[in-house]
Amino acid sequence: MTFRPLPGPAAQILVPSAFTTLVLGGLLAWLAATSAVGPATFVLLLLASAALVLGVILLLYAFVFRSLAYQLDRNGLQIRAGGWRITVPMESIGGIYAMPQDILGTGFRGLRFPGHNVGRERSLDGLTFVSVATAPPEQCLYVRAGSLVYAISPEEPDSFRRTYEMERALGPLRPLAHALDLPPLLRSLFWRDRLGRTLTAVAVLGVLVLLGLAFWRYPSLPEQIPMHFGVTAEPDRLAPPRDIFYLPIVGMLVLVVNSLLGAWAYGRERVLSYFLWSGAVVVQAVLILALRTVTS
318 MTFRPLPGPA AQILVPSAFT TLVLGGLLAW LAATSAVGPA TFVLLLLASA
368 ALVLGVILLL YAFVFRSLAY QLDRNGLQIR AGGWRITVPM ESIGGIYAMP
418 QDILGTGFRG LRFPGHNVGR ERSLDGLTFV SVATAPPEQC LYVRAGSLVY
468 AISPEEPDSF RRTYEMERAL GPLRPLAHAL DLPPLLRSLF WRDRLGRTLT
518 AVAVLGVLVL LGLAFWRYPS LPEQIPMHFG VTAEPDRLAP PRDIFYLPIV
568 GMLVLVVNSL LGAWAYGRER VLSYFLWSGA VVVQAVLILA LRTVTS
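Numbering (the numbering used here), first residue to last: 318 to 613.
Take a look at the structure:
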């Protein structure tokens, strides 16, 4: 049986916040597009990108949180939200209780606001409390499963408890594993690979440095700049200053392609992934040197 969570104002907070952030990002992007090219343009683009990414994340999260549901049957409890799923086998459930007093005063890592209670904390006796609810702690039901306690907020708590007692009495039909299932994008081992994350972060930083340097140097460039040098180290091709922005574009393309190929290859050939991510870092370094050369 599927139980919906207690209704709350979280969606009414998250969705307008997301659209406000997206509008702000669009406004900043418009200001960047209409302003004179220079360092201020780069700052506006950074802020616009951050706002747009944050707005998209908020929208996706609002969609995921809105789909929150608790599925209870004789095999166990499943807490679902989008592509996320926590599975608690029936034989692992030690009971369903009201709010324990011993979690008061412990540190909460997560986010709580009206209609939203998601995070984790540890009790004084070493239990880990995982909150996936739309209600404040005092209105939640607590499902004990070994050293883990799940705080949930079914819309009909009494019916949830009665259903639990009936399903538990029937006994499980098939064994379930106590597990957290993630969406496919987050399931990749890449997210647990520190070296891979570091190489990707350095490549992203390289693109930002490259783009910032282009915007910084552009206002002071002459009408023609050297874009290619011959064997005698003399420039043999001149171009307008705007052509320096081709270098950051190339850097971004290399970053995207190498990152995607590296993530795809990670489960098949990890060394190839490291090679691709390292290659993206090297390309950014070479492009930065090239940009400094043509603008000096």
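Quick reminder that beta carbons are idealized off the backbone N, C-alpha and C, glycines included.
Can you give me the Cβ contacts of Ala353 inside the same chain, cut-off strictly under 8 Å, excluding the 5 residues immediately before and after it?
-> Residues of the same chain with a CB within less than 8 Å of the CB of Ala353, apart from the 5 flanking positions on each side, are Pro536 in chain order.
Identify the continuous alpha helix (DSSP H) that holds Leu527 and give its terminal residues.
-> Residue range 511-534 is occupied by the alpha helix (DSSP H) that includes Leu527.
Just how far apart, CA to CA, sit Leu361 and Tyr387?
-> Their backbone Cα atoms lie some 43 Å apart in a straight line.
Going by Cα to Cα distance, which pick from Arg559, Tyr583, Leu522 is closest to Val599?
-> By alpha-carbon distance to Val599, the top candidate from Arg559, Tyr583, Leu522 is Leu522.
8 Å contact criterion, which Thr451 and Leu323 should meet: CB distance rounded | Contact between Thr451 and Leu323 holds: their C-beta atoms lie close to 5 Å from each other, under 8 Å.
DSSP state of Ala556, grouped into three classes?
-> Here Ala556 sits in strand by DSSP.
Closer than 7 Å: Val598 CB and nearest the ligand SAM heavy atom = This structure lacks the ligand SAM, and indeed carries no ligand of any kind.
Quick one: Cα of Pro454 to Cα of Ser440, how far?
-> Straight-line Cα distance between these residues: approximately 13 Å.
In whole angstroms, what is the alpha-carbon distance linking Thr591 and Ala580?
-> According to the sequence displayed, residue 591 carries Tyr and not Thr. Computed Cα separation, rounded: 10 Å.
For Leu577, the three-state DSSP class (helix, strand or coil) | The answer is helix: DSSP assigns Leu577 an H, G or I state.
From the DSSP output, which residues share a beta bridge with Gly412?
-> Paired residues: Arg461.
Below 7 Å CB to CB, which residues in the same chain sit around Leu428 once its five sequence neighbours on both sides are set aside?
-> Apart from sequence neighbours up to five positions away, the residues of its chain that approach Leu428 with a beta-carbon distance below 7 Å are Val435, Gly436, ordered along the chain.
Taking the Cβ atom as the reference point for each residue, do Val405 and Ala462 lie within a distance shorter than 8 Å?
-> Closer than 8 Å, so yes.
Assigned exposure category for Ala518 - 16 Cβ within 10 Å defines buried | Around the beta-carbon of Ala518, fewer than 16 other beta-carbon atoms lie within 10 Å, marking it exposed.
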